[in-house]
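Residue numbers (the working numbering): 1099 to 1384. Glycine residues also receive a C-beta, built at the ideal position from the N, C-alpha and C atoms. See structure below.
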């Protein structure tokens, strides 16, 4: 019988994943967060894996404060590398399969086509570097794992770009418009869509390990994303496109990080909606 452990269950993805799991395969999942299971504590992780006798683990825990990570390197590494190693070790000992969430920020953004799973990684931030190290640690210890790289995650929960734009739009004026970066291209991803993809993999007849890319369909700049948020909500706030150089940040970000989704669709039959369709659905819940 399948028994699932979801870590990071109180975050954006974890919250949506709980919703989908309890709708589709209820009553077989334990949900934890840092207050109930600190993945940085190897002994605690091992005890929980033994206690629960889990067959599958979905790791939604991550340090995601991209700019702050440039200063808080130890804290970032503890969650994105050490915690993953602890989970991989305990899961491998128990024979459990791990599904881990990673990021588009493992790439440097110099590509001119969507990134495939086989493309060379070259992270340009502390966050991206630690997420890549987490990937390699997991696959070295537990090679039967599935890693899903995603990007630009948002939902009705937690802190994310959609909620930030809606908040700032209330204060925007002709003299102080919303100023949004227009030269970074990626794909907005609705956390609920990613949750559905994860459950599709968990319920698949065949577990195929490896790295897979998942975002919603299409591509956009942050400016395009913001304009769509305002348009769908019917908000007339003034908005101005700016360049990355006009909005300096502590961490460098890839200029292009669209991910090729063909492998996860072919392998697991995952259905993926266009990002604007999913954005409208998300906004209808907010």
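Could you check if residue i is buried or exposed, using at least 16 other CB atoms within 10 Å of its CB as the buried criterion?
i            : result
residue 1099 : exposed
residue 1372 : exposed
residue 1191 : exposed
residue 1221 : buried
residue 1272 : exposed
residue 1195 : buried
residue 1210 : exposed
residue 1396 : Missing from the structure shown is residue 1396; the chain here goes from 1099 to 1384 and no further.
residue 1233 : buried
residue 1145 : exposed
residue 1361 : buried
residue 1208 : exposed
residue 1383 : exposed
residue 1216 : exposed
With respect to the beta strand (DSSP E) encompassing residue i, which residues constitute its N-terminal and C-terminal limits?
i            : result
residue 1232 : Looking at the DSSP string, residue 1232 is not in any beta strand (DSSP E); the run it does join, the alpha helix (DSSP H), is 1224-1239.
residue 1123 : Segment: none, residue 1123 is in no beta strand (DSSP E) and carries neither H nor E.
residue 1157 : 1154-1157
residue 1200 : 1195-1201
Who are residue i's beta bridge partners in DSSP?
i            : result
residue 1276 : 1337
residue 1244 : 1197, 1308
residue 1315 : 1372
residue 1283 : 1319, 1354
residue 1127 : 1102
Quick check on the DSSP output: the alpha helix (DSSP H) that includes residue i runs from which residue to which?
i            : result
residue 1331 : 1320-1331
residue 1191 : 1181-1192
residue 1141 : 1140-1150
residue 1342 : No alpha helix (DSSP H) contains residue 1342, which DSSP labels as neither H nor E.
residue 1264 : 1259-1267
residue 1173 : 1171-1175
residue 1360 : 1360-1366
Assuming residue i contacts residue j (C-beta within less than 8 Å), just tell me the rounded distance between them.
i            : j            : result
residue 1307 : residue 1248 : Wrong, their Cβ atoms sit about 18 Å apart, outside the cutoff.
residue 1115 : residue 1174 : The pair is not a contact, with the Cβ atoms about 23 Å apart (cut-off 8 Å).
residue 1185 : residue 1143 : 6 Å
residue 1219 : residue 1204 : 4 Å
residue 1381 : residue 1333 : Contact doesn't hold; Cβ gap of about 11 Å is too wide.
residue 1160 : residue 1137 : Not a contact, Cβ separation roughly 10 Å.
residue 1321 : residue 1346 : Actually they do not touch by this definition, with Cβ atoms about 17 Å apart.
residue 1327 : residue 1264 : 7 Å
residue 1284 : residue 1223 : Between residue 1223 and residue 1284 the Cβ distance is about 14 Å, and since that is not below 8 Å, they are no contact.
residue 1295 : residue 1312 : 5 Å
residue 1225 : residue 1348 : Contact flag wrong, Cβ pair sits at about 10 Å.
residue 1104 : residue 1127 : 6 Å
residue 1254 : residue 1377 : Their Cβ separation, rounded to whole angstroms, is 12 Å, which puts residue 1254 and residue 1377 out of contact at 8 Å.
residue 1199 : residue 1111 : 7 Å
residue 1213 : residue 1358 : 6 Å
Looking at the structure shown, is residue i part of a helix, part of a strand, or coil, going by DSSP?
i            : result
residue 1132 : coil
residue 1103 : strand
residue 1354 : strand
residue 1251 : strand
residue 1288 : strand
residue 1162 : coil
With a threshold of 7 Å (Cβ to nearest heavy atom), would residue i be considered close to the ligand SAH?
i            : result
residue 1314 : Of the ligands one can find in the structure shown there are none, so the ligand SAH has no counterpart to examine.
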